[in-house]
Amino acid sequence: MSPEVQALLYLLAAVAFIVGLQRLGSPRTARSGNTVAAAGMLMAVVVTLADSEVSWVVLGAGAAAGGVIGAVLALRVHMTAMPQLVAAFNGFGGLASALVAGAVFVAVIGEIETVDMLTILLSVAIGAITFTGSLVAYAKLQGLLSGSPITYPAQKIVNAVLLAGLVTAGVWSQLSQDASAFWLLGGLALVLGVTLVIPIGGADMPVIIALLNSLSGVAAAATGFVITNSALIIAGALVGASGLILTKLMTDAMNRSLANVLFGAFGTGDGASASVATGGQVRTTTPDDLAIALAYARRVVVIPGYGLAVAQAQHQLRAVAAELERRGVEVVYGIHPVAGRMPGHMNVLLAEADVPYDQLLDLEATNALLPRTDVVLVLGANDVVNPAARDDAGSPIYGMPIIEADTARTVIVVKRSLSPGFAGIDNPLFYDDGTLMLFADAKKALADLAIALETV
Amino acid sequence: MLDPVVVGVVVFVLASFVGFELITKVPPTLHTPLMSGSNAISGITIVGAIIATGIENDVVAGVFAFLAVAAATINVVGGFLVTDRMLGMFRRPKREEPE
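Residue numbers (my numbering), protein chains in the order written: chain V, 65 to 520; chain B, 25 to 123.
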């Protein structure tokens with residue numbers, strides 16, 4: 065195969081990735097889009113095999129091991145564990161990119177020109193940081209490490225020193241053409257991945273996974289420069305852009321800057337509860353009264369939070385919704401961008417519970433519907449429905465986009481207690497005249513509600 | 025003939041803009057499959073890993089190539105499979121014909 069034909073076939077693979085991502089723009093075409101992208105990948109692999117002097121033993125062993133591990137992980141993972149799986153996959157992608165650049169380095173050491181050295185070092189550094197950073201994110205999400213920010217004195221200075229060391233090792237690698245400087249650079253990058261991610265709290269993980277996603281793409285693109293391959297450069301750029309957009313969407317939804325997420329050591333991890341002064345009267349309700357309110361509503365908007373997913377209550381929720389729909393009640397779900405542990409996570413959890421995708425509404429669509437909604441059912445969500453973010457300029461979450469539950473006729477909040485959410489602040493919605501509180505565990509409340517609905 | 029690195033930079037910048045255009049059109053509902061799917065696409069580095077297995081007479085390069093192939097294959101196979109599994113759960117609206 066001539067290099068020209070090979071280059072064009074790689075371009076075709078890249079086009080398949082672009083078409084695949086385009087088809088991910090709608091739930092109707094998304095699955096076929098994924099297949100198109102996978103076909104592009106297969107083609108890139110075949111084109112490479114057809115024209116390279118490969119070691120079939122090394123290749124076969126690596127592909128067999130990786131294929132089995134990848135398939136088992138993909139087919140067995142629970143949907144709630146999706147964030148840590150994606151974090152792990154990001155890490156493997158970064159590791160592969162760093163290793164390819166490393167293998168090229170040891171093969172051509174001694175005669176590397178500055179530009180080539182730069183691409184190799186960037187590929188190794190970004191890949192290695194992505195690898196260990198993703199491992200830490202995985203460990204935090206999996207509960208192997210505390211979700212709380214892990215901090216120590218002079219943390220930022222340590223990171224700055226590591227980064228300076230990284231750059232120095234890079235310059236030294238080029239000047240000396242010596243492998244020891246290169247190994248030092250790789251080692252420092254591995255350490256830096258750990259030290260950059262450990263101070264980041266569990267609730268900020270959606271941002272970090274998106275950012276590592278972006279980095280895994282950039283690492284692949286850098287490797288594309290090392291081996292002069294446009295398929296890697298294009299695919300890497302696409303993924304880099306994708307991860308960056310999702311990172312921005314997540315930080316916007318949290319009303320924070322990326323710098324604040326990375327260096328703020330914010331929050332105390334999952335389900336943090338600071339003690340705050342509570343004020344005002346709350347009105348409480350019972351599952352029986354709730355059943356009546358729901359059964360005679362025209363439209364019910366459910367606002368799920370991560371607490372619902374932790375309790376694995378989305379299946380009970382679906383059962384209640386099915387009963388309401390049977391009675392002619394319109395049920396839709398209002399989903400805040402940070403409702404899960406990664407972008408779009410809550411949508412996947414509800415899709416798993418058999419909720420049709422046209423009932424999953426985003427923030428804007430939900431808020432447009434709420435003033436014409438009879439009952440809002442808030443399940444395990446707190447800060448994302450806090451009107452203080454809209455009304456109280458002194459509130460720490462002021463400016464954060466919220467689902468404006470208080471604009472609906474009746475708000476019903478199912479919650480174990482009045483304790484504040486992640487941001488550690490009180491929620492005026494709970495004391496609103498239009499709000500009824502049902503103090504209960506979400507899963508049990510929904511089970512009770514299903515029984516109560518049978519007798520309405 | 026232009027330096028391949030310059031050509032690479034041109035391709036990278038243009039592809040980034042294509043990426044921004046494409047991804048901003050993906051609805052929030054699909055953001056998780058988008059992440060796992062794009063993650064599988066970043067496994068394209070498997071091409072580099074395959075080429076690296078051809079580096080001869082160097083044990084370190086051989087070990088790196090083996091590990092790179094394994095890691096990239098996990099990324100590609102796992103990424104596309106889990107994305108397909110997730111997208112298979114997205115059920116069509118009731119008023120339409122079921123699949």
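We put the beta carbon where it would ideally sit given N, CA and C, even for glycine. All of these numbers come straight from a predicted model, not from anything done at the bench.
Is there a Cβ from chain B that is less than 8 Å from the Cβ of F494/V?
-> So no, F494/V is outside the interface.
When DSSP labels each residue in this structure, what does T48/B get in the three-state scheme?
-> Residue state, collapsed to three classes: coil.
Under 7 Å (Cβ pairs) to chain V, residues found in the region 104 to 116 of chain B | F104, L105, V106, T107, D108, R109, M110, L111, G112, M113, F114, R115 and R116
Output the boundary residues of the beta strand (DSSP E) element that contains V136/V.
-> Note, V136/V: premise wrong, no beta strand (DSSP E); alpha helix (DSSP H) at W120 to R140.
Beta bridge counterpart(s) of P368/V as assigned by DSSP | L443/V
Measure the C-alpha to C-alpha separation of L433/V and V449/V and round it to an integer number of angstroms.
-> One Cα belongs to L433/V, the other to V449/V, and the distance between them is close to 15 Å.
By how many angstroms is the C-alpha of A145/V removed from the C-alpha of Y74/V?
-> 34 Å
Return the first residue and the last residue of the alpha helix (DSSP H) that Y397/V is part of.
-> Note, Y397/V: premise wrong, no alpha helix (DSSP H); beta strand (DSSP E) at E394 to G398.
Can you find a CB in chain V that lies within less than 8 Å of the CB of L26/B?
-> no
Under 8 Å between the Cβ atoms of I184/V and V168/V?
-> Contact: yes.
Select from N319/V, K479/V, R95/V and L493/V the residue whose C-alpha is nearest the C-alpha of P451/V.
-> Of the listed residues, the one whose Cα sits closest to P451/V is L493/V.
Under 8 Å, do A138/V and G102/B count as touching if we go by C-beta distance?
-> yes
If you draw a straight line from the C-alpha of G398/V to the C-alpha of I309/V, how long is it?
-> Put simply, the backbone Cα of G398/V is about 22 Å away from that of I309/V.
Going by DSSP, what residues sit across from T348/V in a beta bridge?
-> M501/V
V261/V and V200/V: beta carbons closer than 8 Å?
-> yes
By a C-beta neighbour count over all protein chains shown, 10 Å radius and 16 as the cutoff for buried, is N81/B buried or exposed?
-> exposed
Between V384/V and R362/V, which are expected to be in contact by the criterion C-beta below 8 Å, what is the C-beta distance as a whole number of angstroms?
-> That pair is no contact at about 17 Å.
Return the CA-CA distance between P465/V and N319/V, expressed in angstroms with no decimal places.
-> 7 Å
Work out the CA separation of L296/V and A108/V for me, nearest whole Å.
-> 10 Å
Pull up the distance between the alpha-carbon of P484/V and that of F36/B, whole angstroms please.
-> 46 Å
Any residues in the region 415 to 449 of chain V with a beta carbon nearer than 7 Å to a beta carbon of chain B? Which ones, in chain order?
-> A415, E416, D418, P420, Y421, D422, L424 and D426
Name, please, each residue of chain B whose Cβ falls closer than 9 Å to the Cβ of T350/V.
-> Those within 9 Å of T350/V in chain B number zero; the least Cβ separation is about 31 Å.
Hey, Q70/V and D115/V are a contact pair by Cβ (cut 8 Å); roughly how many whole angstroms apart?
-> Right, their Cβ atoms sit about 6 Å apart.
Cβ of H409/V within 8 Å of any chain B Cβ | yes
Between N431/V, D496/V, N154/V and G444/V, which lies nearest to G307/V when the distance is taken from Cα to Cα?
-> N154/V
According to DSSP, residues forming a beta bridge with R363/V | E394/V
Beta carbon of A92/B, beta carbon of I79/B: below 8 Å?
-> Cβ distance not < 8 Å, so A92/B and I79/B don't count as in contact.
Where do the N-terminal and C-terminal ends of the alpha helix (DSSP H) with V83/V fall, by residue?
-> P67 to R87
Between A472/V and the rest of its own chain, which residues show a CB-CB distance below 8 Å, the 5 nearest in sequence each way excluded?
-> V365, L434, P435, T437, D438, V439, V440 and G498
Please check if any C-beta of chain B sits within less than 8 Å of the C-beta of L163/V.
-> yes
6 Å CB neighbourhood of A152/V in its chain, flanking five on each side removed = Y202
Straight-line Cα distance separating L58/B from L248/V = 35 Å
Could you tell me if V50/B is buried or exposed, where buried requires 16 or more neighbouring beta carbons within 10 angstroms of its beta carbon?
-> buried
Closer than 7 Å at the beta carbon, the chain B residues around A171/V = I79, D82 and A85
Residue burial classification, L208/V (beta-carbon count within 10 angstroms, cutoff 16) | exposed
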